[in-house]
Each structure stands twice: as C-alpha cells, then as structure tokens.
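Add 4 to the 1-based position in the sequence shown for this note's numbering, that's all there is to it. All residues carry an ideal CB built from backbone N, CA and C; glycine is no exception. Right, one structure below, let's go through it.
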Amino acid sequence: MIDGIPSVLDPSEALQQIPSNSIENIEIITNPSAKYNPDGTAGIINIITKKDRLKGLAGTADVNAGTFGRFGVGLLATYTKKKWSVFFGGDYNQGERPGFSSSERVTTKNDTTYFTRCEGDRYRNRDFWAIRGGFNYLFSENELFYVEFKYGYRSGESYANQNYEEWIEPGSSSISRYLSQETSFRGGNFYSINATFKHDFQTPGHNLSAGISYRSRDGEDTSTNQLLDSAGNISNGQINVEDGPGRVLQLNLDYVLPIGEANKFEAGYQSRMGRSTDLTELYIYNEATGEFDKQPEFSNETDYLRDIHSLYAIYGGEKGKLGYQVGIRGEYTYRVIESAKIVEKSYIDRLDYFPSVHFSYKLPAEQQIMASYSRRIERPRSWYLEPFITWEDAFNVRQGNPDLKPEYIDAMEAAYLIGFGEHSLSFEGYYRITNNKVERIQSVYAENVMLSRPENVGQDFALGGEMALGLSLFKWWKMDISGNFYQYRLEGEYEEIIFERESFNWNSRFSNTFRFGEGTRIQLNSRYNSATVTAQGTRGDYWTADIAVSQEFFKKRMSAILQVRDMFGKVVRDQESMGSDFMSRSEYYNKAPQVRLTVNYRFNNYKKKRNGGGGDDDEF
C-alpha cells in the first residue's frame, strides 16, 4: 500500500518507483487488524510519503538477463506537478525453469498389485508483459483523487519426457516400458483498474475515503499427454482443455475519527463480487482412427458466483505506555456453483466474524512488548471446487470438491523487542490453530490410476517461537540471523479413519551483507526448512544458499546486481504418501545454479521549491 491505498504495482516496482527522500515512514503489519481482508496469513507493507511532495520527473529503467533463457526489460516513470502527478510503465519478462522429477508408486485393486516407476526432465517456460499507468489529482489540500490501471498478458508452457516402467503381481514378470510426452499451456489477458477518493477533514487524522476496483482475466489451459511404446507408437493419449473468464468488482468505504489526543475510531464497508465460468473438455486417443475423440461425459461447463460483503469497526489508542486496539469484522458470503452435469447447485449462505486484539507496552531502554490475536480465513480457489473428474495423464486424475469448507485460522502472538544502538533483537511466541484443514488426499481411482482430491481433514496446531537478531558488527559487515521452531500436530478423520500425526518443525535464515569501497555490496544468504508431516505422509526438508553482488555507478543513478540462486543445487522437493491400498513417493528439483544480471538506471530530475521570489514552482 502507498499512503494507505492498495497499489497494482508489484512490491519491488513500487519501492523502486518512490525516491527514498520522499518516504516519511514504512509500516509493517504482521498480524493485520479487522480493518483488512482476513484472507490468508500474509502481512502488509504501507509506504507513507512526505506531504511536501517533490516536483518533476523521476523513474527507473532496467534490463535483466540470465541462465536458462531469462530476459526482461522494464520502465516506470512519474511526472509530478503542483496538484497532480501521472505515472506510466511497462515490462516484459521471459524465462525457462528446467528441472527433473522422479516417482514410484504401488497400488492394489481387486487382489492385483500394480507397480509404476518414472523419471525424466521437465521444463517450464514463462512469458509475461504488462503496461500500467495512473494519475492523482489534489482538488485541494484536503481532497485527493487517484486512479490507476494495468493491462497485460501472461503465458506458461511446460514440457516433460517421462520414462515409465510398469508391471503387476501376480501376473507376467515382464516390464512394460513407455515414454510419456506431456505438454501444457496456460495463459490469457488480464486487466485491472482502481480509483480512490479521499477527503481529509479539518481535524488531523479525520478522513473519509471511497474506492472502486475492477479486475478481469481470461484463462486458457490446454494439456496433452501421450504414451509411446518402445516402437514409438501412441498407445494412450489425452487432451484436456479448460477455458473461461473471471472478473471481480470491489467497493470500499473507510472512515477514521480521532477521539481526544491519543485515541481513534475506524469503521468501513467492503463488497467483493466475483463471477467466473470454466469450460472443460476431454479428448481420448483412438488407436483405430489415430484421432483424439471428444468425451462428452467428461466435458463440462461450470459457473461460479461469489459475493462477500463486509463491515468492520476498530477502536484504539494509548494510555501512558500502553497501546491498544480492538476490532471486529463481519462478513456475509453468498456463493453458488452450478454445473451442467450436476443436478443440484452448491450453495454457501454464511455469516463469519473476525475479531482482532492488539496490545503493546513500552519499556525503558528501547524495549517493547506486544501481544495480538486475529482470526483469519483461507478460502479454496475455484479449481479446488470443480466437481468433475479431470484426467492429468494416463495414470493420474484429479477432482475438485464443491463441499470444501474454508480454513479458519486463530493466530495468537506475543513479542519482545529491544534495540541497542545499531543492533536489534526480537523474540516472538505464537500459537496457531487451523480448523477445516485442507489437504490433497490421494486414493486409488481405477486399475493403476490415482485420484487426487482436496478434503477437509481436521485441525492442525503450531506452537512455537521465532527469534531474529540483527548485528552491525562493523561499518562494512551486517549480520542477520533468524530461526523459527514449532511443534506441529495434525489430527482429524478421513474415510472413517481417525489419525494424529506430529513433527517438530524448524526453519532458519542466515544473511551476511558486506560493503566495500564506494557502492559495492556482497550479500550471502542461506535458508533451511525441515521436514514435516502431512495427513497421508511426509514432505522432506531442503536447504539453499544464494549470493548477490551489487555495484552502484554515476552517483547511485545506476546499479548492477549479479545474483546466483541455489548455488549448490540443494533445493529438492520430495514427498511420500500412503494409504490402505497405495504407496507413492515423488521428487522434483529445478536445475541449478540460476544466474541473473540486472542493470537498473534511476532518473530523478526533481527540483525543490525555491525560497526566493520569482520562478515557477513546477519548473524541473
């Protein structure tokens, strides 16, 4: 957010766009209050700019290139006059992420056991371009109008050649071998437009703002899978097609009323209205004709309607060294999923509430303690709700679950912060409960075919703590160390089987920043994530290390950054699942290291207002 207004810009672009000398403050909200959307668990960054805006032309341009065909260019410029400013930008990025995957599984059906192994290369290509722009106008010192838009196109393609081995017991001892060729494409146009009007009353901090936002995207998804025998002939094949637009209209109204010198009351309304349609088709290879025939029973049209209307109220302030804020948010959700192949519609007509409580207390010597509670929600995405079967390849199908309930998260945090000179130390304890925990559950669908379907499996619990230590050891060396340690427990019931799984999880980050000479920096980062349990098995651990070297030129107007990610190729994603009639293991990793060079140029022709008489304030 910039001055409390959501931005269509990506965070990195927004930070590059704003000159550092025009920033008044930066707010970081880790456990947002009832004022904000309760969706997900991510935090918020709000950049507050100085009221005395600088005038003139400023912007940034960059070009980047790297291994695996990565290339990109970008431009973003702002022109500011006395009462108005405009910005315009565009960017283009492309790249490939080659990887390798392997898997094995054992399934049982009708007293027959099927064994399958596969391994091979996978490639993912990304192509993206977008243009964006906007302007704001000060009607007076107390009234601001702001509008921005974004339009672009994104596409992703993936390719895989997987060598399969298959045999059964009891049965023939011979092993059947196949080459699976998989290709997929996903892309489409998208655009968004936001407009905000803000009015400040005479009392500082007393304001009213209204906003409207419209977002739309086109979706095109096609995947093809072919099994080739040892002679190169197609023995099996599927083509899946999914297509459909989606659009969301959002309205906001927010009011802030200061009470006395240290307290304030906030209230507001929000409405989010979403509509989308998914058209799906399945084509199966016909060996007799050599063509792919459409399968009417697996072709479908599904319409989604979801409206969310919200009201919130917050009261907060300070009393001595104690700071406090309490809030409540109510949300009414109305959702309908209608499919041509299903007689009954899937409805949600639900009222939710999301309270939040925040306390802070200032101690001597730059110390502070804080405590907070918030209730949040993780809503299932549309493809998690598709009620029909979709064939991914000859051995795997997936199905959505229209009866899937959202996850509700109760998050409690308590933190202690201390600053000592240029160093800082923080401890945070937390306890999080997730109700209606959603996991993708695997089961045997047919002979040697697995079904993946999202299910509400129960609850999970995380009790732990996080520590962060920032040390400025020398003027040229800064060290940051953080660690997160928690006991994780997952319990629930699936297919009348009660389960409880537990693991001790932890992750850590270690960063060193070195400054040499004029504008030279070297940063070394490492990160580790431990293994964890799932409803049906485990996910493995991984470790990675990155390095970046940056150099500034021309009085900090130009910078060059060389990044090397996953230097040692240690990021391997592996998972194991098992049930009463199956066992599966899988592993995937991207080829590494990944190298990228970015060159950025910042132009800033701002001129400050002259103190002497004469001249044009808007001169640049």
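Using a Cβ-Cβ cutoff of less than 6 Å, which residues in the same chain neighbour residue i once the five nearest sequence positions on both sides are dropped?
| i | result |
| --- | --- |
| G331 | S37, A38, I318, S360 |
| I526 | F518, V553 |
| D311 | M277, Y338 |
| S581 | Q446, Q540, G541, S588 |
| R128 | R101, S162 |
| Q299 | L286, I288 |
| W171 | F119, I179 |
| Q336 | Inspection of the sequence shows that residue 336 is occupied by Tyr rather than by Gln. Hits under 6 Å: H313, L355. |
Distance check for residue j and residue i, CA to CA, integer angstroms please.
| i | j | result |
| --- | --- | --- |
| R561 | D66 | 12 Å |
| T524 | M471 | 29 Å |
| G425 | P368 | 14 Å |
| Q403 | F302 | 11 Å |
| H313 | Y218 | 16 Å |
| W133 | N405 | 33 Å |
| E504 | Q230 | 40 Å |
| H210 | K479 | 43 Å |
| K87 | G321 | 33 Å |
| Y492 | R379 | 19 Å |
| R130 | F194 | 16 Å |
| F607 | A62 | 5 Å |
| D464 | S196 | 36 Å |
| H362 | L467 | 19 Å |
| A398 | N237 | 15 Å |
| L326 | F431 | 19 Å |
Can you tell me where the beta strand (DSSP E) holding residue i begins and where it ends?
| i | result |
| --- | --- |
| A597 | Contrary to the premise, residue 597 reads as Pro rather than Ala in this sequence. Counting along the chain, P597 falls outside any beta strand (DSSP E), and DSSP gives it neither H nor E. |
| K559 | Careful: K559 lies outside any beta strand (DSSP E) and carries neither H nor E. |
| K323 | 304-323 |
| K349 | Element bounds for K349: n/a, residue is neither H nor E. |
| M5 | Note, M5: premise wrong, no beta strand (DSSP E); not H, not E. |
| G248 | 238-263 |
| S162 | 147-173 |
| L61 | 60-70 |
| Q230 | 211-232 |
| W395 | 393-397 |
| T438 | 427-450 |
Can you give me the Cβ contacts of residue i inside the same chain, cut-off strictly under 7 Å, excluding the 5 residues immediately before and after it?
| i | result |
| --- | --- |
| N440 | K409, P410, E411, Y412, N460 |
| I48 | M5, I33, P36, Y40 |
| D56 | Here the model assigns D56 a pLDDT of 49, short of 50, so the residue's position is not dependable and the matter cannot be decided. |
| D641 | Residue 641 lies beyond the range of the chain shown here (5 to 624); nothing can be said about it. |
| D233 | Y182, S239 |
Taking the alpha-carbon of residue i as reference, which of the options has the nearest alpha-carbon?
| i | options | result |
| --- | --- | --- |
| R383 | G44, R444, I33 | G44 |
| S476 | S428, Q372, G468 | S428 |
| Y259 | S234, G215, T293 | G215 |
| E100 | F91, A69, G78, V77 | A69 |
| N165 | S178, R181, E186, Y155 | E186 |
| G573 | P262, S184, T548 | T548 |
| F558 | N167, V568, N604 | N604 |
| N240 | H210, G469, L183, D545 | L183 |
| L212 | T200, S220, D222 | T200 |
| G474 | G468, I437, D484, A466 | D484 |
| R354 | V340, G423, G521 | V340 |
| M374 | Q598, Y434, E291 | Y434 |
| A450 | G264, G544, T538, N400 | N400 |
Looking at the ligand FAD, does it come within less than 7 Å of residue i, judged from the CB to the closest heavy atom?
| i | result |
| --- | --- |
| S360 | With respect to small molecules bound, the structure shown includes none, and the ligand FAD cannot be examined in it. |
Apart from the five residues on each side of it in sequence, which residues of its chain come closer than 8 Å, Cβ to Cβ, to residue i?
| i | result |
| --- | --- |
| T112 | Y118, V448, D585, F586 |
| E497 | V461, G462, F503 |
- Message: Whether or not the region 133-147 and the region 414-427 are in contact is what I'm after, with contact meaning three or more pairs of Cβ atoms, one per stretch, closer than 8 Å; do they touch?
- Response: Taking 8 Å as the limit for Cβ pairs, the verdict is that the region 133-147 does not touch the region 414-427.
- Query: For the region 530-539 against the region 504-511, are there 3 or more C-beta pairs whose distance is under 8 Å?
  - Reply: Contact holds: three or more Cβ-Cβ distances are below 8 Å.
- Between the region 143-155 and the region 199-213, do at least 3 Cβ pairs fall closer than 8 Å? Taking 8 Å as the limit for Cβ pairs, the verdict is that the region 199-213 does touch the region 143-155.
- Task: For the region 574-593 and the region 99-109, state whether three or more C-beta atom pairs, one from each stretch, are separated by less than 8 Å.
- Result: The region 99-109 and the region 574-593 touch, with three or more beta-carbon pairs separated by less than 8 Å.
- Evaluate contact between the region 299-307 and the region 267-278, counting only Cβ atoms and requiring at least three cross-stretch pairs below 8 Å. In short, these stretches do not touch, since the Cβ pair count stays below three.
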